[in-house]
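Residue numbers (our numbering): 9 to 467. Backbone N, C-alpha and C define an ideal beta-carbon position, used for all residues, glycine too.
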């Protein structure tokens with residue numbers, strides 16, 4: 009092991025230790041959490057102010073001082089990409105980053121980095137399902153922090169990271185993702201052994217590799233993991249970690265039955281946004297990220313959400329300096345959960361409902377995907393589905409042994425009609441059955457989508 013890798017492993021272990029201490033600290037209240045956020049924000053802005061001209065310009069245009077960082081107007085992905093060269097602190101251009109990341113995805117070789125002002129920089133791309141592909145950057149310091157924090161929340165019960173490294177066999181972790189990255193391999197050490205499963209390979213090949221590796225932990229999109237669990241029964245899985253997609257109730261049930269306990273990690277280009285506690289509850293990662301919440305339909309700020317509220321967030325990652333993510337506006341729809349028995353003051357999530365454009369808009373009424381899932385999955389023989397709103401019409405594709413017949417179309421329209429009326433949609437909504445199309449390898453699962461702008465089309 010080189011001196012550099014020993015130093016990096018030491019950073020990961022320190023980040024892991026510090027995060028475990030925060031997780032177990034008794035008596036911490038909401039006020040303590042907010043005070044920590046303000047301290048981290050002040051440290052962040054001092055570090056990046058002169059190296060990120062666009063960040064300074066945003067404050068100047070808004071007429072705000074650095075102490076008012078929590079009030080900075082949000083920006084969307086297109087603005088971030090347009091100002092990327094003057095936003096990142098490593099002197100990198102968007103053209104170079106995109107070329108490097110796309111070349112890695114084409115060659116399926118993800119180990120390379122770019123040379124930034126402060127050292128090597130890891131690059132990556134989002135899936136691009138919500139418009140242009142988002143870009144992320146991470147320095148070695150940020151990779152070590154990410155790895156330590158993530159491991160503190162996701163390791164199954166048992167020996168800690170350092171004890172496992174010294175006295176136990178490595179924890180075997182398989183991760184099935186569209187792209188490998190040094191970011192994910194940051195946790196590779198004497199304590200953790202990784203196996204990357206490339207989602208562009210055939211499922212049967214992935215199932216064979218997974219069975220041969222015999223993992224303790226499996227990470228991946230829940231739709232893919234569910235399909236793999238049908239092909240590859242595994243004994244000894246201690247934890248399944250759902251990432252990159254909405255975790256549907258039916259997928260959770262199948263994974264827990266076939267493999268083991270399921271927890272979620274909520275990560276996006278904007279940062280590491282949600283992590284499970286020791287109880288398995290998904291918490292917003294408020295120890296490291298600030299969330300400014302708003303109503304998904306009206307945009308009205310939501311100061312003190314209550315369980316069951318649906319909100320969208322504008323996020324500030326308080327630890328990222330390489331590509332400062334300050335007041336980035338997201339369109340993911342989050343459902344606030346009940347306070348957790350673990351005692352941590354961060355907000356919990358009952359569910360990640362999807363993006364705002366995963367909701368239907370019918371006769372002026374917003375219909376969230378979870379109202380449709382049960383209606384369709386309870387139909388006899390239906391194994392999976394897709395619903396696409398095109399104008400005022402719902403196009404439905406079904407996977408299952410039941411042939412597409414006028415009788416089935418009638419059952420679908422009745423089931424959806426009941427669900428829509430319960431959601432407050434008046435009148436009849438036309439439903440058309442379409443042939444089932446298998447998803448492309450690596451494609452992110454979106455069961456419900458609204459394709460067209462609809463206010464003028466849904467009287």
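Proximity winner among 247, 125 and 133, relative to residue 179 (alpha-carbon distances)
Scanning 247, 125 and 133 for the CA closest to the CA of residue 179 turns up 247.
Cβ neighbours of residue 380 in the same chain (closer than 7 angstroms, five flanking residues each side left out)
Only 395, 424, 427 and 456 meet the Cβ criterion.
Return the CA-CA distance between residue 382 and residue 369, expressed in angstroms with no decimal places.
C-alpha separation (whole angstroms): 19 angstroms.
Residue 109: buried (16+ other C-beta within 10 angstroms of its C-beta) or exposed?
Counting other Cβ atoms within 10 Å of its Cβ, residue 109 reaches 16 or more and is therefore classed as buried.
Tell me which same chain residues have a C-beta within less than 6 angstroms of the C-beta of residue 82, skipping the five on either side of it?
Around residue 82: 322, 335 and 337.
Stretch pair the segment 315–331 + the segment 94–102: three plus CB contacts closer than 8 angstroms
Contact holds between the segment 315–331 and the segment 94–102, because three or more Cβ pairs, one in each stretch, are under 8 angstroms apart.
Quick check: does the Cβ of residue 105 come within less than 7 angstroms of any heavy atom belonging to the ligand COA?
Of the ligands one can find in the structure shown there are none, so the ligand COA has no counterpart to examine.
So does the segment 250–265 actually touch the segment 307–321, counting three or more Cβ pairs closer than 8 angstroms?
Judged by pairs of C-beta atoms under 8 angstroms, the segment 250–265 does not touch the segment 307–321, as fewer than three such pairs exist.
For chain C, find out if any of its Cβ atoms is closer than 8 angstroms to the Cβ of residue 392; answer yes or no.
The structure shown contains no chain C; it holds only a single protein chain.
Entirely within the segment 198–256 and at least 4 residues each: give me those alpha helix (DSSP H) ranges in chain order.
Counting whole runs of 4 or more residues, the segment 198–256 contains the alpha helix (DSSP H) stretches 211–221 and 230–239.
Which same chain residues, not among the five before or five after residue 16, have their C-beta less than 7 angstroms away from its C-beta?
Answer for residue 16: 148 and 152, listed in chain order.
Got a sec? Which residues, its chain only, sit under 7 angstroms from residue 56 by beta carbon, not counting five neighbours each side?
Only 63, 97, 329 and 332 meet the Cβ criterion.
Environment of residue 298 [buried if 16+ CB atoms lie within 10 Å]:
The residue in question, residue 298, is buried, as its Cβ has 16 or more Cβ neighbours within 10 Å.
Taking the C-alpha atoms as reference points, what is the distance between residue 206 and residue 292?
Answer to the nearest angstrom: the Cα atoms are 28 angstroms apart.
Rounded separation between residue 263 and residue 22 - CA only
Their backbone Cα atoms lie some 33 angstroms apart in a straight line.
Span of the beta strand (DSSP E) holding residue 76?
The continuous stretches of beta strand (DSSP E) do not include residue 76, and DSSP gives it neither H nor E.
In this structure, does DSSP put residue 337 in helix, strand or coil?
Residue 337 carries a strand assignment under DSSP once its states are collapsed to helix, strand and coil.
Between the beta-carbon of residue 400 and the beta-carbon of residue 378, is there less than 8 angstroms?
It is not a contact, given that the beta carbons lie outside the stated cut-off.
Secondary structure, beta strand (DSSP E): runs of 3+ residues fully inside the segment 401–467:
Segments of the beta strand (DSSP E) lying fully in the segment 401–467: 401–407, 439–442 and 456–458.
Backbone CA spacing between residue 7 and residue 301 [nearest angstrom]
It is not possible to answer for residue 7, since the shown part of the chain is limited to 9 through 467.
Length at least 4, wholly inside the segment 13–60: the alpha helix (DSSP H) runs in chain order:
The qualifying runs are 38–56.
May I have the straight-line CA-CA distance separating residue 234 from residue 413, to the nearest angstrom?
If you take the alpha carbons of residue 234 and residue 413, they lie about 28 angstroms apart.
If you draw a straight line from the alpha carbon of residue 92 to that of residue 352, how long is it in whole angstroms?
Answer to the nearest angstrom: the Cα atoms are 35 angstroms apart.
Taking DSSP's pairing of strands, which residues face residue 270 in a bridge?
In the DSSP output, where bridge partners are listed per residue, residue 270 has 248.
Start and end residues, beta strand (DSSP E) containing residue 181
Run containing residue 181: 179–185, per the beta strand (DSSP E) assignment.
What is the rounded straight-line gap between the Cα of residue 79 and the Cα of residue 70?
A straight line joining the alpha-carbon of residue 79 with that of residue 70 spans about 9 angstroms.
Is DSSP giving residue 317 helix, strand or coil here?
Residue 317 falls in the coil class under three-state DSSP.
Can you tell me whether DSSP reads residue 358 as helix, strand or coil?
Looking at residue 358 - three-state DSSP - the assignment turns out to be strand.
Taking the C-alpha atoms as reference points, what is the distance between residue 288 and residue 417?
Taking the CA atoms as reference points, residue 288 sits about 40 angstroms from residue 417.
From residue 278 to residue 415, what does the alpha carbon distance come to, in whole angstroms?
Residue 278 and residue 415: Cα-Cα distance of roughly 46 angstroms.
In whole angstroms, what separates the C-alpha of residue 371 from that of residue 156?
Distance between residue 371 and residue 156, taken at the CA atoms: about 48 angstroms.
Under three-state DSSP, which class holds residue 84?
The DSSP-derived three-state label of residue 84 is coil.
If we ignore side chains and look at the alpha-carbon of each, how far apart do residue 27 and residue 227 end up?
Residue 27 and residue 227: Cα-Cα distance of roughly 21 angstroms.
Between the Cα of residue 261 and those of 240, 290 and 230, spot the shortest distance and give me the residue it belongs to.
Out of 240, 290 and 230, 230 has the C-alpha closest to the C-alpha of residue 261.
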